[in-house]
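Read the structure below first, then the notes.
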Amino acid sequence: MKLFFNPASPYVRKSIVVAMENGIRDRIDIAPVLLTPVNPSDALNADNPLGKIPALVTDVGSVLYDSRVICEYLDTLGEGKMFPASGPARWNALRLQALADGICDAAILARYETFVRPQALQWADWVAAQKGKFMRAVSALEAEAGTLDDRIDIGTVSVAIALGYLDFRYADDNWRAAAPVLAGWHQKFYQLDSLQQTLPEDLKP
Ligand code: BEZ
59 MKLFFNPASP YVRKSIVVAM ENGIRDRIDI APVLLTPVNP SDALNADNPL
109 GKIPALVTDV GSVLYDSRVI CEYLDTLGEG KMFPASGPAR WNALRLQALA
159 DGICDAAILA RYETFVRPQA LQWADWVAAQ KGKFMRAVSA LEAEAGTLDD
209 RIDIGTVSVA IALGYLDFRY ADDNWRAAAP VLAGWHQKFY QLDSLQQTLP
259 EDLKP
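Note that my numbering has the sequence shown beginning at 59, numbered continuously upward.
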């Protein structure tokens, strides 16, 4: 399989972590790609018309996207332990994944506004609104942090990675100050090998 990859992307990281947790990381070849919405990759566009990472080319040549589809697919190739099969555990894990991905969506939109958009066109209210969105999500997670415990599923892994992305790109916003219980959970959960082995470059010890 081939995975279009950028080490800074939390969605790519989630896909790699799911592969590692399923014991199938060695079946994936990495295709590094550098892109922004205004500087796309032709190679990626040829496989994913949306031009977004991650995209996974399977062994039979199908292309899967986005990260939610890729993660669920990878989970079927291994032990299948990341996606609870049914019932409340499944819906809770999928909801947490959606909340975590929403944190990343807002954080990346704010980053594009400040690092990609020409300075004269930047809109401070837009950045503030995106930051407001991810901080509201952090507060919602703080309210349920006591229920996250040490189970490893797509929900908890997605939350850990989203908070790791905030550490990576928004360290000055200090989400931990607003979420001390969540911070305690994250500190412990983040010791998971697959998370430690996929830290964004700048956070590697
Ligand atoms: C980043 O540099 O923060 C980034 C790069 C690729 C995808 C998402 C985020």
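All C-beta atoms, glycine included, are put in the ideal place defined by N, C-alpha and C.
Between the Cα of residue i and those of the options, spot the shortest distance and give me the residue it belongs to.
{"i": "G204", "options": "A236, G109, G242", "result": "G242"}
{"i": "D211", "options": "P65, V76, Y69", "result": "V76"}
{"i": "G160", "options": "Q188, A151, Q180", "result": "Q188"}
{"i": "L92", "options": "R85, V115, D100", "result": "D100"}
{"i": "G136", "options": "R169, N80, G119", "result": "N80"}
{"i": "L224", "options": "S120, S67, K110", "result": "S67"}
{"i": "N150", "options": "R194, L206, Q177", "result": "L206"}
{"i": "P90", "options": "G190, K110, L61", "result": "L61"}
{"i": "F141", "options": "T256, S73, F226, D183", "result": "S73"}
{"i": "R194", "options": "L157, F226, Y170", "result": "L157"}
Can you find the residues in the same chain that come closer than 6 Å, C-beta to C-beta, to residue i, ignoring five residues on each side of it along the sequence?
{"i": "F192", "result": "I161, A164, A165"}
{"i": "L122", "result": "L114, I128, Y131"}
{"i": "L257", "result": "none"}
When the Cα atoms are used, what is the spatial distance from residue i to residue j?
{"i": "A209", "j": "D124", "result": "Here residue 209 is Arg; the residue named in the question, Ala, does not match the sequence. If I take the Cα positions, the gap works out to 24 Å."}
{"i": "L114", "j": "R83", "result": "13 Å"}
{"i": "V127", "j": "N232", "result": "31 Å"}
{"i": "V118", "j": "F173", "result": "38 Å"}
{"i": "T134", "j": "Q180", "result": "43 Å"}
{"i": "M59", "j": "A178", "result": "42 Å"}
{"i": "L199", "j": "N64", "result": "27 Å"}
{"i": "R234", "j": "V196", "result": "9 Å"}
{"i": "K139", "j": "A147", "result": "12 Å"}
{"i": "Y131", "j": "T116", "result": "10 Å"}
{"i": "K262", "j": "L167", "result": "24 Å"}
{"i": "G109", "j": "A237", "result": "34 Å"}
{"i": "D230", "j": "N97", "result": "27 Å"}
{"i": "D251", "j": "E259", "result": "16 Å"}
{"i": "P176", "j": "R227", "result": "19 Å"}
Between residue i and the rest of its own chain, which residues show a CB-CB distance below 8 Å, the 5 nearest in sequence each way excluded?
{"i": "L253", "result": "V75, V215, A218, I219, G222, F247"}
{"i": "D288", "result": "In the structure displayed, the chain extends from 59 to 263; residue 288 sits before or after that span and is not available."}
{"i": "I111", "result": "F62, F63, N64, S67, Y69, V70, V91, L93, L102"}
{"i": "N106", "result": "F62, A113, V121, Y123"}
Going along the chain, which residues of its own chain have a beta-carbon closer than 7 Å to the beta-carbon of residue i, five neighbours each way excluded?
{"i": "Q155", "result": "R126, I212, G213, S216"}
{"i": "H244", "result": "A218, L221"}
{"i": "V239", "result": "E200, A203, G204"}
{"i": "E171", "result": "Q180, W181, W184, V185"}
Between which two residues does the alpha helix (DSSP H) holding residue i run?
{"i": "K262", "result": "Here K262 belongs to no alpha helix (DSSP H), and DSSP marks it neither H nor E."}
{"i": "L102", "result": "100-105"}
{"i": "L253", "result": "251-254"}
{"i": "L31", "result": "Because the chain in this structure spans residues 59 to 263, residue 31 falls outside the shown range and cannot be described."}
{"i": "R71", "result": "68-79"}
Can you tell me where the beta strand (DSSP E) with residue i in it begins and where it stops?
{"i": "P90", "result": "87-90"}
{"i": "K110", "result": "Element bounds for K110: n/a, residue is neither H nor E."}
{"i": "L179", "result": "It is not in any beta strand (DSSP E) - L179 carries neither H nor E in the DSSP assignment."}
{"i": "L61", "result": "60-63"}
Any heavy atom of the ligand PLP closer than 6 Å to the beta-carbon of residue i?
{"i": "S67", "result": "Here the bound small molecules are the ligand BEZ; the ligand PLP is not part of this structure."}
* Please list the segments of the alpha helix (DSSP H) lying wholly inside the stretch 218-246, counting only runs of 4 or more residues, in order along the chain. => DSSP runs (the alpha helix (DSSP H)) wholly in the stretch 218-246: 233-236.
* Where are the alpha helix (DSSP H) runs, 4 residues long or more, that stay fully inside the stretch 121-173, in chain order? -> Runs of the alpha helix (DSSP H) inside the stretch 121-173: 125-135, 145-173.
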